[in-house]
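In this note's numbering, the protein residues as written are 61 to 205.
As structure tokens, this is what we get:
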């Protein structure tokens, strides 16, 4: 009996570790629109569209490549900055690299005939997709014979 009680605190500690590992992978409610947050990537939907948002601060829009194929969205971006200064006998050499990389299967049926739109504003990349009409239910009227 005494040995079992000693195991309980260890088990609770392990459960806390599991909870903290999955805390960023939760589904949040925002009004009526559910949002899924995977790391820094946010996916949400409206009635007719799906939106994907990713932070892209410090990366110019010309250096971001986005592809969408067979339901998989890939976002790649990289920016390099190099600065050299020389003051008297002291030299400064600063190199900076910023990068982003995401690859995710979208959990919604997307209309492949409509080109997705992408906007990068204030360090936030927002990609919008048109939902497929094939997945939507159609109302059928019943007429009297």
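Where is the CB? At the ideal position from N, CA and C, for every residue including glycine.
Environment of residue i [buried if 16+ CB atoms lie within 10 Å]
{"i": "residue 200", "result": "exposed"}
{"i": "residue 185", "result": "buried"}
{"i": "residue 132", "result": "exposed"}
{"i": "residue 183", "result": "exposed"}
{"i": "residue 187", "result": "buried"}
CA-to-CA distance, residue j to residue i, given in whole angstroms
{"i": "residue 117", "j": "residue 165", "result": "23 Å"}
{"i": "residue 157", "j": "residue 113", "result": "21 Å"}
{"i": "residue 130", "j": "residue 100", "result": "23 Å"}
{"i": "residue 139", "j": "residue 107", "result": "35 Å"}
Same chain only: Cβ atoms within 6 Å of residue i, ignoring 5 sequence neighbours per side
{"i": "residue 171", "result": "190 and 192"}
{"i": "residue 134", "result": "127 and 163"}
{"i": "residue 174", "result": "190"}
{"i": "residue 161", "result": "136"}
Under the three-state DSSP convention, the category residue i falls into
{"i": "residue 121", "result": "helix"}
{"i": "residue 174", "result": "coil"}
{"i": "residue 112", "result": "strand"}
{"i": "residue 202", "result": "coil"}
{"i": "residue 106", "result": "coil"}
{"i": "residue 192", "result": "coil"}
{"i": "residue 128", "result": "strand"}
Extent of the continuous beta strand (DSSP E) to which residue i belongs
{"i": "residue 142", "result": "132 to 147"}
{"i": "residue 151", "result": "150 to 165"}
Same chain only: Cβ atoms within 7 Å of residue i, ignoring 5 sequence neighbours per side
{"i": "residue 155", "result": "142"}
{"i": "residue 180", "result": "116, 121 and 124"}
Cutoff 8 Å: residue i Cβ touching any chain C Cβ
{"i": "residue 178", "result": "Annotation note: the requested chain C is absent from the structure, which comprises a single protein chain."}
Sequence-distant residues of its chain with Cβ nearer than 8 Å to residue i (five each side left out)
{"i": "residue 177", "result": "187 and 188"}
{"i": "residue 152", "result": "143, 144, 145 and 146"}
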